[in-house]
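J.: Take 57 as the starting number for the sequence shown in the working numbering and just add one per residue.
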Amino acid sequence: MEAQLWSDQELWESFLTRIRQAPFQQSWAWGEFQKARGTEVLRFAAIQNQKIVGLVLALIEPWRFGQKTLTVFSGPVIDFNLSPRVYAEALGLLVKTLAAEARSRQCLYFHIEPGLEKNQESVFKPVAAENKLVITKAFQPIDTLILDLKPSAQALMQKMHEKTRYNIRLAEKKGVSVESFSGQSAKAKIPIFLKINAETSARDKFLSHTQNYYEKMAEILPEEMLKVYLASSEDQPIAANIVITYADTATYLHGASSNQLRNLMAPHLLQWRQILDAQGAGKNWYDFFGVQTENRQRQTSAGASWAGITRFKQGFGGRVVSYLDAYELPIKLGWYRLLKVRNLFKKL
C-alpha cells in the first residue's frame with residue numbers, strides 16, 4: 057500500500073460518495089471552495105492493488121507571524137469494507153503521510169479531527185501513539201444529532217417532541233413562508249442571511265464568518281450542494297439557514313434568526329422544510345451539525361452555552377452521535393507553547 061498525491065476528481069468522488077454519511081469536508085468541491093479562499097489544499101489517496109482504499113483532504117492555512125498550520129476535518133475516509141488489518145494500515149499510512157508533510161513544510165502544528173465515532177477509539181489510538189499526537193480542542197462539533205430520513209414524513213413528525221410539532225403548525229398557521237435558493241440566487245441572498253446572522257451572533261454570542269466567506273461558498277460549491285433557506289412573514293425575512301447536501305446526507309451548517317417576530321416560530325418551520333427537501337431528494341440522513349451532551353459540554357465561539365441550541369435541535373428527534381476528540385502534533389514547540397498560553401489567557 058502507498059500514499060499518492062491525488063488529482064483525479066472523478067475517481068475521488070466515485071470513492072467518497074459510496075461511503076455511508078460521507079463528510080462534505082472531504083469532498084472535492086469543498087477543497088475547491090477552500091482554494092478560492094486562498095487556502096492551500098492537499099489531497100492524498102491510499103492505493104492498494106491500483107485501487108483507492110482511503111483518502112484525505114488537508115488544508116494548509118496561514119497563521120500569524122508568517123506561521124502556517126496543517127488541518128484535517130472529518131478524515132481520513134477509509135473504505136469500511138476492508139478487513140480490520142487493512143483498514144488500520146490505510147488509516148495509519150495517511151495520517152503518517154500528513155504528519156511528515158506538516159514537518160517538511162515546517163508547520164506550527166498538524167491538527168486532525170478524524171470524524172470517527174467514539175466506538176472506534178481502539179482503531180485510532182495506535183495511530184495517534186505512533187505519530188505522537190496529543191488530544192486537543194476540536195474546531196468542529198464532536199457531538200452531533202443525526203436524523204434518519206428513511207421513515208415517512210408523517211412518521212418523522214410523530215417522533216418529534218410535541219412542542220416542536222406545535223411550533224411548526226403555529227408557524228404555518230401564522231403564514232410564515234419558506235423559500236430555498238441555490239447557485240447565483242443563493243449568493244444574492246447572503247447579505248440577508250448576514251443581516252439576520254448579526255442579530256443571532258449578538259444575542260447568542262456566536263462569532264460569524266465574513267461576507268466573503270459565505271459568498272465564496274455559494275459561488276464555488278455546486279448548486280445541488282448548497283442551499284440558502286429563508287423564512288419570511290409578509291415579505292420580511294425573519295430566519296435564514298445554509299444547508300450543505302453531499303452524497304447521502306444533508307447538513308444544517310449555519311443558522312440565523314431575527315429578534316423580530318420570534319413568536320412566529322419561523323426556525324421550526326424552516327428546519328422542517330429542510331428535512332422534507334432532503335428526504336424528497338432521496339437523502340438518507342439529516343445532520344444537525346452539533347449538540348452538547350452531558351459528558352462533553354459545548355460552548356459557542358464566544359463562550360456561551362449550547363444548551364438552548366441543543367434543546368431546539370433535539371425537538372426534531374434523531375440520534376446523538378459522538379466522535380473522537382481532536383488530535384495535534386506540535387511541530388514548532390516554542391510557537392506552539394506560546395499559542396497554548398495565549399488561548400489560556402483568553403479564557404480568563
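The C-beta atom is built at its ideal place from N, Cα and C for all residues, glycine as well.
None of these values were measured; they are calculated from a predicted model.
#1: Going straight from the alpha carbon of E228 to that of L325, what length do you get?
#2: How should S238 be labelled, buried or exposed, when 16 other C-beta atoms within 10 angstroms of its C-beta is the threshold for buried?
#3: Which same chain residues end up closer than 6 angstroms to A78 when comparing Cβ atoms and leaving out the 5 residues on each side of it in sequence?
#4: Along the chain, which unbroken stretches of the alpha helix (DSSP H) at least 4 residues long are found entirely within the region 338 to 391?
#5: Can you tell me where the beta strand (DSSP E) with R225 in it begins and where it stops?
#6: Report back the beta-carbon spacing between T306 and Q330 to the nearest angstrom; my notes put them in contact at under 8 angstroms.
#7: Does DSSP classify P182 as helix, strand or coil?
#8: Here's the rule: buried if 16 or more other CB atoms are within 10 angstroms of the residue's CB, otherwise exposed. What is A358?
#9: As a quick exercise: from Q292, G338, Y269, pick the residue whose alpha carbon is nearest that of H310.
#10: Within 10 angstroms of its Cβ, does P132 collect 16 or more other Cβ (buried), or is it exposed?
#11: Suppose only complete runs of 3+ residues qualify. What are the beta strand (DSSP E) ranges in the region 78 to 163, listed by chain order?
#12: Rounded to whole angstroms, what is the Cα-Cα separation between M281 and T95?
#13: With DSSP as the reference, identify every bridge partner of L282, one or two as the case may be.
#14: What does a CB cutoff of less than 6 angstroms around H425 pick up in its chain, not counting 5 residues either side in sequence?
#15: Taking DSSP as the reference, what is the three-state secondary structure of I246?
#16: Give the straight-line distance between the Cα atoms of W362 and Q176, rounded to the nearest whole angstrom.
#17: Check I294 in the structure and name its three-state DSSP category.
#18: Go to L309, then tell me how far its beta strand (DSSP E) extends in each direction, as first and last residue.
#19: Take A295 as the anchor and find which of N319, K272, E275 has the nearest alpha-carbon.
#20: Within the continuous beta strand (DSSP E) that includes A59, where are the two ends?
#21: Could you tell me the alpha carbon to alpha carbon distance between I103 and T301, rounded to whole angstroms?
#22: Need the endpoints of the beta strand (DSSP E) that H167 sits in, please.
#23: Report yes or no: do the region 380 to 391 and the region 162 to 171 share at least 3 C-beta pairs separated by less than 8 angstroms?
#24: Count the other CB atoms, across all protein chains shown, that sit within 10 Å of the CB of N315; report buried if there are 16 or more and exposed otherwise.
#25: Excluding the 5 residues preceding and the 5 following I252 in the sequence, name in chain order all residues of the same chain whose CB lies nearer than 6 angstroms to its CB.
#26: Between the beta-carbon of W62 and the beta-carbon of F100, is there less than 8 angstroms?
#27: Taking DSSP as the reference, what is the three-state secondary structure of F71?
#28: Do D333 and I198 have their C-beta atoms closer together than 8 angstroms?
#29: I'd like to know whether the C-beta atoms of Y383 and I191 end up nearer to each other than 8 angstroms.
#30: Is the beta carbon of I116 less than 8 angstroms from the beta carbon of V377?
#31: In chain order, what residues of the same chain have a beta carbon less than 8 angstroms from the beta carbon of L172, not counting five sequence neighbours either side?
#32: Going by DSSP in three states, A194 sits in which element: helix, strand or coil?
T.: In terms of the structure at hand:
#1: 7 angstroms
#2: buried
#3: L72, A303
#4: 363 to 370
#5: No beta strand (DSSP E) contains R225, which is instead part of the alpha helix (DSSP H) from 218 to 229.
#6: Correcting the residue type first, residue 306 is Ala in the shown sequence and not Thr. Going by Cβ atoms, the distance from A306 to Q330 rounds to 7 angstroms, so yes, they are a contact pair.
#7: helix
#8: For A358, the predicted structure reports a pLDDT of 47, less than 50, and the residue's modelled location is therefore unreliable. The matter cannot be settled from this model.
#9: Y269
#10: buried
#11: 96 to 104, 107 to 118, 124 to 129
#12: 20 angstroms
#13: I300
#14: Only positions 57 to 404 of the chain appear in the structure, and residue 425 is not among them; the question remains open.
#15: helix
#16: 26 angstroms
#17: strand
#18: 305 to 313
#19: N319
#20: 58 to 61
#21: 27 angstroms
#22: 165 to 169
#23: yes
#24: exposed
#25: A296, A312, S314
#26: yes
#27: helix
#28: no
#29: yes
#30: no
#31: V179, F180, Y379, L380
#32: coil
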